[in-house]
Every structure is written in C-alpha cells, then in structure tokens.
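Residue numbers (this note's numbering): 221 to 551.
This is how it looks when you write it as structure tokens:
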C-alpha cells in the first residue's frame, strides 16, 4: 500500500506539472487510477467490522435483499418479474445483492462492477446502491461576488494544496447558468455533475423495466441553502473527515447527490411513476409484504432481522439519511 501511495503521488505530480487540476480530476485519480486508486486497489472497503471504512445498506445482507426484491416484484406488473434480468451497478468485488438470498424471482442476474460497461438491455430491474455518490465531483466557492472553481496542485515541496482555478472547467461552464448570481460570500458547493452524466448515459441505453437508485443526497435548493461548507467528506476506518487532500488513495471521497436534476432527467426520458422518497418510505410502502413478514415472524421476541429492518427504516439511522429515486420504463 505504501508503494501504491508513492506511485499515486508521482502521478499527481505529473498531472499537475503544467498547472493545477480541478477537484473533479483529482478525485477521479485518487479513487480510480488503475491499481492505485481507492476503488481499484484490492482491499476490503465496505463492512461493519474494524478494518473497513464504511458500511452501506447492502452490508446488512439478506434483509435488505429481501426488501429490494419484494419492492421490485410489486412495482412491476403482476407476474412480470420472472421475465426481467436483475442488473446491479457498481457492486463491490465478490459481492452482489442477490448473493444474500437462496433464490430470487428474476429471470437472471447480472453484476456490473467498477470499470465495466454499463449497458443493460431488454427487460431489466436496474439496481444501484451508492453508485452515484462514488463518482467524481466539482468543488466551487462564491468569493468576491463570483463563483470560482476550486482545484488542486502539488507544490515544490511535494505537498498537495488547494487553489482557485483561473476559469471554470468545461463541465462547469456547461452548467454554470444554474448557479445563483448572488449567495453569501464563502459559500461552498460540491457539485456532482458526473452523476448527471452517468445517469444520462444509462437512460440512453435500450432497456425497459424498473430502475432503483439508492443513495444519500439533497435537493438543489438544499445544497444552495443548507450547506454553506459543502457536503464533501472522506471516510476511513469508519471515521468521517473533511480534508480531501489527506492520504489520497487510502480513503473514500464522496459528496451528497443532487437529486433535482436526476429526477428531471428520468422524467424527460419518459419514465413512468418517477418518484424520489426516503429509504424509510420506500421500504415501508414498496416492500410492505417483506417488512410485515419480518415484524410478524418476530412478534414477542428478539429478532436480528427485525433489528436490521429498524436500522434500514428508522429516521435516526438510515431511514431518512438515504433516499431512493425510482421509475418505470414501459416498452
């Protein structure tokens, strides 16, 4: 791991030799540089035990899988699940949602891992858990009456440092009209434009069926009103940090998804029933059969499954912090 860190630092020096790079490009390097980035090194990242960096709803195993499968079956027309392939995007190595179940109701399953082409086709259930928040993002700050894009350089002493870029990078230029002209000085915006591009590419594919996107995010209004320090953060050994330049390649870097344009993209692509709701609402309403069975089977006794269900839906745990954006595409 030490050698990987040194090679990654060398790569960063090379990339910044002619000038600073955007945070978006920095994050892409430290997360996804081949064999050197956080997500491309052979290591255990996701899990509840010590030695992992964070855990997700999918880490909760069989109960989460049961709930998602039940929701998918019930959101599709009756009897149609058996004709659909369950496609999971961005699963961790050697894991998948359906692996937690002895059997599933779908025609087949396909797991698309990091770096593989995302090209679902035909009747499918597309499922992604914390895919979009793992994509690179831009960082902006409002200073002296104007928005500036933040970047990264490697100084003569070899130390990573933040700088303000002289001009916006092309993706920010293309979206800059959305930015408010006036906001409080020093307001920071972590802008996940890459997530919009990824969803746009997915919606261009020739598929029908159901799409379920689980993640943590905010509305555009909330990002511009409620988070003056931005939403970017790091995770390492279950500890959250805010220094994105510390220990590159050894920690996760993420920010909240911007749900507003993603929802609009799905509506513009003529998906039906496009809905953004809390994870609590989704699992209680859309996976009602499975949730009720867990509660019923554990009545009057301690139940690990019921405890897991409560962790997934309780507002103080994952229930409100995570959301689900879903919709259906008919032939």
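Virtual Cβ for every residue (Gly too), placed ideally from N, Cα, C.
- Between the C-alpha atoms of residue 505 and residue 232 there is a straight-line separation of about 47 angstroms.
- Within the same chain, 320 come within 6 angstroms of residue 281 by CB-CB distance, once the 5 residues on both sides are set aside.
- A straight line joining the alpha-carbon of residue 485 with that of residue 420 spans about 7 angstroms.
- A check of alpha carbon separations from residue 498 across 366, 510, 536 and 522 identifies 536 as the nearest.
- One thing to note: residue 329 has its Cβ no nearer than 8 angstroms to the Cβ of residue 290.
- Taking a cut-off of 8 angstroms for Cβ pairs, the region 408-425 and the region 343-361 touch, as three or more such pairs fall below it.
- Residue 410: member of the beta strand (DSSP E) spanning 408-411, first to last residue.
- Going by beta carbons, residue 301 and residue 292 fall inside the 8 angstroms limit.
- Looking at the DSSP output, residue 330 shares a beta bridge with 307.
- Residue state for residue 373 is assigned as strand, using DSSP reduced to three classes.
- Contact between the region 462-472 and the region 335-348 is absent: fewer than three C-beta pairs spanning the two stretches fall below 8 angstroms.
- Contact between the region 435-446 and the region 533-550 is present, with at least three C-beta pairs closer than 8 angstroms.
- In its chain, beyond the 5 residues on either side, 308, 311 and 316 have a beta carbon closer than 6 angstroms to the beta carbon of residue 331.
- For residue 240, the CB contacts under 8 angstroms within the same chain, skipping 5 residues up- and downstream, are 371, 372, 373, 383 and 385 in chain order.
- In summary, residue 324 is buried, with 16 or more beta-carbon neighbours lying within 10 Å of its beta-carbon over all protein chains present.
- Annotated three-state conformation of residue 440 is helix, per DSSP.
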